[in-house]
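Each remark here refers to the structure printed beneath this line.
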């Protein structure tokens, strides 16, 4: 039951990406093109996607987190860390460069696999490689100065 | 570059669906709908027993266009201009950066911001800034 629900939840996320236009890298890149405000071609749609999503989660999370526990888990797994370190700048900085190069971030890239395009498969394969590398390096003790030695995946 | 149309209504409703999905995942599995975290945990080493649920979520993401094509006969526009080398480099940076920074557009940008997390705000402002800079250099630096 929980598995089926998580499939449906992923499906809703995917439909949201399709309806919002975020499955199209051209639309993402045209949002990131601030130079396009002056020269024409800027597409502010992505800001509306973020606004729509944050509005629903801002209200919805408060509603859900009032419950004693999730439907199919013992507790809520919420990020507990508060401190700002090098990683919280360096990681997103690299992420943003990759995002600006191809117009793909992880959600839209995975949904693009369903379009059957060769480009999406190349991007996702490289993305998984990058993820694996970051997890591997994050566990090396010699990197503990820039990589806090706790679960590198905790949001 | 490919010209795209500003779609405020469809994008807001689509965004709301993404938000609904994140709220539902929290209600069902008690976890943040961060796509990078979910995808990265499909790779070993496995630290919990949530593999099947994560795979189901990703399968849902991939199935959305497949079901759309099957029921409506067409897919929304998708233009990928990047060549193979750019796609590989971009994929590596997105994958590495999202794990190194503990999240991506969904985990930090949607879930984190709505939880008023300072880390998520810093992460979101940072990837927005380098995203803007990258496209500016690619398109206007000549």
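Chains as they are written, first to last, in my numbering: chain A, 1 to 155; chain B, 156 to 297. Ideal Cβ placement from N, Cα and C applies to all residues, glycine included.
### Query
Are the Cβ atoms of residue 264(B) and residue 130(A) separated by less than 8 Å?
8 Å or more divides the Cβ of residue 264(B) from the Cβ of residue 130(A).
### Task
Please report how far the alpha carbon of residue 159(B) lies from the alpha carbon of residue 199(B), in whole angstroms.
In this structure, the alpha-carbon of residue 159(B) lies about 39 Å from that of residue 199(B).
#### Entry: Bridge partner(s) assigned by DSSP for residue 77(A)
According to DSSP, residue 77(A) bridges with 186(B).
### Task
Return the first residue and the last residue of the alpha helix (DSSP H) that residue 27(A) is part of.
For residue 27(A), the enclosing alpha helix (DSSP H) covers residues 25-32.
### Query
residue 94(A) lies in the alpha helix (DSSP H); which residues open and close that run?
Counting along the chain, the alpha helix (DSSP H) containing residue 94(A) begins and ends at 87-102.
### Query
Listed from N- to C-terminal order along the chain, which residues in the region 164-187 of chain B have their beta-carbon within a distance smaller than 9 Å of any beta-carbon of chain A?
Correct list: 164, 165, 166, 167, 168, 169, 170, 171, 172, 173, 174, 175, 176, 177, 178, 179, 180, 181, 182, 183, 184, 185, 186, 187.
### Beta carbon of residue 54(A) nearer than 8 Å to that of residue 269(B)
Going by beta carbons, residue 54(A) and residue 269(B) fall inside the 8 Å limit.
### Query
So, using beta-carbon positions, are residue 274(B) and residue 88(A) closer together than 8 Å?
In this structure, residue 88(A) lies closer than 8 Å to residue 274(B) by Cβ.
### Task
Would you kindly check if the distance between the Cβ of residue 289(B) and the Cβ of residue 100(A) is under 8 Å?
In contact: residue 100(A) and residue 289(B) (Cβ atoms closer than 8 Å).
### Message
Check for me: the alpha helix (DSSP H) holding residue 282(B) runs from which residue to which?
### Response
Here the alpha helix (DSSP H) through residue 282(B) covers 273-295.
### Three-pair Cβ contact test at 8 Å for the region 277-285 of chain B versus the region 60-77 of chain A
The region 277-285 of chain B is not in contact with the region 60-77 of chain A.
### Query
Counting Cβ pairs, one atom from each stretch, are 3 or more of them under 8 Å apart for the region 211-218 of chain B and the region 231-251 of chain B?
Short answer: they don't touch.
### Message
Which of the three DSSP states is assigned to residue 7(A) in this structure?
### Response
Collapsing the DSSP output to three states places residue 7(A) in a helix.
### Candidates 126(A), 108(A), 59(A), 76(A), of which the one nearest residue 246(B) by Cα
Of the candidates 126(A), 108(A), 59(A), 76(A), the one whose C-alpha sits nearest the C-alpha of residue 246(B) is 126(A).
### Query
In the structure shown, what three-state DSSP assignment does residue 155(A) receive?
Reliability of the predicted coordinates at residue 155(A) is poor, the pLDDT of 46 falling under 50, and no value is obtained from them.
### Message
For chain B, check one thing: does any of its Cβ atoms lie closer than 8 Å to the Cβ of residue 70(A)?
### Response
Closer than 8 Å: yes.
### Task
Please indicate yes or no: does the CB of residue 242(B) lie closer than 7 Å to some heavy atom of the ligand GTP?
Among the ligands in the structure shown, none appear at all, so the ligand GTP cannot be discussed.
### Query
The alpha helix (DSSP H) spanning residue 136(A) covers which residue range?
Taken as a continuous stretch (DSSP letters only), the alpha helix (DSSP H) holding residue 136(A) covers 118-138.
### Task
Starting from residue 66(A), find everything on chain B with Cβ-Cβ shorter than 8 Å and list it in chain order.
Result: empty, since nearest Cβ-Cβ is about 11 Å, beyond 8 Å.
### Task
Determine whether the Cβ of residue 298(B) lies closer than 8 Å to any Cβ atom of chain A.
In this structure chain B extends from 156 to 297, so residue 298(B) is not present and cannot be described.
### Query
Can you name the start and end residues of the alpha helix (DSSP H) that residue 235(B) belongs to?
Annotation: residue 235(B) is outside any alpha helix (DSSP H) and is labelled neither H nor E by DSSP.
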